[in-house]
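The sequence shown maps to residues -23 to -1, 1 to 367 in mature numbering (1 follows the signal peptide of the UniProt record, and there is no 0).
We put the CB at the ideal spot given by N, CA and C, even for glycine.
Since we're looking at a predicted model, the values are computed, not measured.
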Amino acid sequence: MEIWKWVFVGVLWYAGYVSSTGAVELGRSQNTERISGSAGDVLEDDPVGRLKVFVYELPSKYNKKILKKDPRCLNHMFAAEIFMHRFLLSSPVRTLNPDEADWFYTPVYTTCDLTTNGLPLPFKSPRMMRSAIQLISSNWPYWNKTEGADHFFVVPHDFGACFHYQEEKAIERGILPLLQRATLVQTFGQRNHVCLKDGSITIPPYAPPQKMQTHLIPEKTPRSIFVYFRGLFYDVGNDPEGGYYARGARAAVWENFKDNPLFDISTEHPATYYEDMQRAVFSDDIVLPFADAIPWEDIGVYVDEEDVPNLDTILTSIPPEVILRKQRLLANPSMKQAMLFPQPAQPGDAFHQVLNGLARKLPHDRSVYLKPGEKILNWTAGPVGDLKPW
Ligand SMILES: *[C@@H]1O[C@H](CO)[C@@H](O)[C@H](O)[C@H]1NC(C)=O
Ligand SMILES: *[C@@H]1O[C@H](CO)[C@@H](O)[C@H](O)[C@H]1NC(C)=O
């Protein structure tokens, strides 16, 4: 069994994830080996007793009502915003006494606004988020004490709290001004990018656990596919030349390797997708979840953007024992567990890794607490459209 398939679900919607840092990242899998050193070990930490989380109670129009309107939100790759909420409500780290809380969580489903095709639109997200923050800041005293520095938000959309699916627009918008002091839990993870700030927690995309289970193939199945990729190479609507989408890396893979028999790549999303991924030696990676706890550098192969045309040579010249070691690391059960959102939750799963990430950020620095009346955030900053009531 392997991990990259979780990362890959719904890749058609993941515009621009590959290679905004100028690298194509490839991962692989199989077998078992303990992650050595301190990095992987923290995956086994138990967050209970290390932090207390207060869950704000919001009117259902911010969460349950939205979900009721479109239950498809439960299955798309950003559904972590819903399941994280459910998880926290019954978690032993939850406290009902906000005065003893280390972290404050606002359950707002900003990504549950789907097109008829089921793609989440983020256009209302900024207004909705703003409205929720307005509400908590006027009804409870805690937001004003730190202006969000001890609050966390799940913002799983393409470019996190930049709230746009086109990278150019997302960068232009930047992180929603009101969230600039908060901790963001997001699937988007790319270093040196305006939509990922220091201290954010990156998570895997959500994949329905039952669905994953039904597609498992026997562990010893030979890896008969060398490189596997399913997803868009071009963003035909916005960038037909392929120079911008995924920084041209996907277009370069297609142009160079579409006829190479080692490369099983196409835009189709086959019914055997999960099975195929498990038979592949190399498959594409888009995001690196829990990067402070998982040694991704030892697991993946990083290829510079300019070297994409040499991908075949680069990948075929990696010694088998190196590949094997990487596959063993990836197949570590604690890594696997950290990529999953099982229901009910299980120790070491992605929910617990989010809590571990939050616990590692404690105690809050004293400097995050503002003097009475002190204000840092600008409530009228950002695009005018975002300031309209939700
Ligand atoms: C927090 O500050 C805002 C002004 O920025 C104020 O309107 C609001 O009432 C304050 N909240 C509380 C609970 O005092
Ligand atoms: C807040 O942002 C608005 C819009 O950018 C700007 O006009 C205003 O001067 C800012 N206020 C402060 C106090 O910086």
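Each residue's CA atom was taken as its position, placing ILE59 and GLN163 some 13 Å apart.
Annotation for THR191 indicates a beta carbon at 8 Å or more from all heavy atoms of ligand 2. Residues of the same chain with a CB within less than 6 Å of the CB of ALA229, apart from the 5 flanking positions on each side, are VAL285 in chain order. Cβ-Cβ distances below 8 Å link THR123 to ARG158, HIS341, VAL345, TYR346, LEU347 in the same chain, with the five nearest sequence neighbours on each side left out; the list follows chain order. Annotated three-state conformation of HIS329 is helix, per DSSP. The C-beta separation of PHE267 from ALA336 comes to about 13 Å, leaving the pair out of contact by the 8 Å criterion.
A buried status is given to TRP273, since no fewer than 16 other beta-carbon atoms sit within 10 Å of its beta-carbon. In this structure, the C-beta of ASN355 stays at least 8 Å away from each heavy atom of ligand 1. Taking a contact to require three or more Cβ pairs closer than 8 Å, the region 41 to 59 and the region 124 to 143 qualify as touching. The closest heavy atom of ligand 1 lies 8 Å or more from the beta carbon of SER108. Rounded to whole angstroms, PHE140 and MET189 show a C-alpha spacing of 28 Å.
Distance from the CA of LEU44 to the CA of PRO349, rounded to the nearest whole angstrom, comes to 38 Å.
Taking a C-beta distance under 9 Å as the contact criterion, TYR86 and LEU65 do not qualify as a contact pair. Taken atom to atom, the span from the alpha-carbon of GLY325 to that of GLU21 is near 6 Å. Its Cα nearest to that of ASP127, the residue THR160 stands out among THR160, PRO84, LEU354. Apart from the 5 residues on each side of it in sequence, ASP289 sits with its Cβ closer than 7 Å to the Cβ of PHE234, ASN237, LEU239 in its chain, given in chain order. For ARG27, no alpha helix (DSSP H) encloses it, and the DSSP letter there is neither H nor E. A contact is defined here as three or more CB-CB pairs under 8 Å, and the region 101 to 119 meets this definition with respect to the region 350 to 366. The shortest CA-to-CA distance from ILE353 to any of LEU155, PRO24, PRO310 is the one to LEU155. Within the chosen limit of 8 Å, ligand 1 does not reach the beta carbon of PRO154 with any heavy atom. Here SER115 is exposed. Its C-beta has fewer than 16 other C-beta atoms within 10 Å. No heavy atom of ligand 2 is found nearer than 8 Å to the CB of ALA228.
CA-CA distance, LEU91 to LYS46, rounds to 10 Å.
Inclusion of ALA358 in the 8 Å shell around ligand 2 follows from its C-beta lying nearer than that to a non-hydrogen atom of the ligand. The C-beta distance from ALA327 to PRO99 rounds to 22 Å, too long to fall under 8 Å, and the pair is not in contact. CA-CA distance, VAL171 to ASP79, rounds to 27 Å. Partner residues in the beta bridge of PHE240, as assigned by DSSP, are VAL204. In this structure, PRO321 is the residue among VAL361, PRO321, ASP212, GLY362 with its C-alpha nearest to the C-alpha of HIS62. Straight through space, the alpha carbons of ALA226 and GLU282 are spaced by roughly 6 Å.
For the pair ILE178 and VAL19, the CB atoms are not nearer than the 9 Å cut-off.
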